[in-house]
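For what it's worth, the numbering used here labels the leading residue of the sequence shown as 33, then goes sequentially.
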Amino acid sequence: DFEFLGFIPYDQSIIEAGLGNLPLINSSPEVISRVRDIAAHLSIVKPEIINTAIG
33 DFEFLGFIPY DQSIIEAGLG NLPLINSSPE VISRVRDIAA HLSIVKPEII NTAIG
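Set out below in structure tokens:
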């Protein structure tokens with residue numbers, strides 16, 4: 033089974049931050065918000081994955 037968790041939009045500022053070794057969290061508030069939403073949803077549907085990854 034696969035449950036759609038969310039969509040992360042393409043944002044050039046994320047690419048530029050990664051290439052420049054800059055913190056991604058400062059590059060695109062919209063993308064970071066979407067990633068947080070997906071992580072929150074994932075922690076509800078598969079908490080064992082989050083706990084293992086953060087662990």
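All C-beta atoms in this analysis are idealised placements derived from N, C-alpha and C, irrespective of residue type, glycine included.
Burial state of residue i (16 or more Cβ within 10 Å)
i: Ile-120; result: Since the displayed the chain opens at 33 and closes at 87, residue 120 lies outside it and no answer follows.
i: Gly-38; result: exposed
i: Ile-46; result: buried
i: Ser-60; result: buried
Next item on the list: Could you name each continuous alpha helix (DSSP H) segment of 4 residues or more that falls completely within the segment 40-78, going from the start of the chain to the end?
Entry: 44-51 and 61-77
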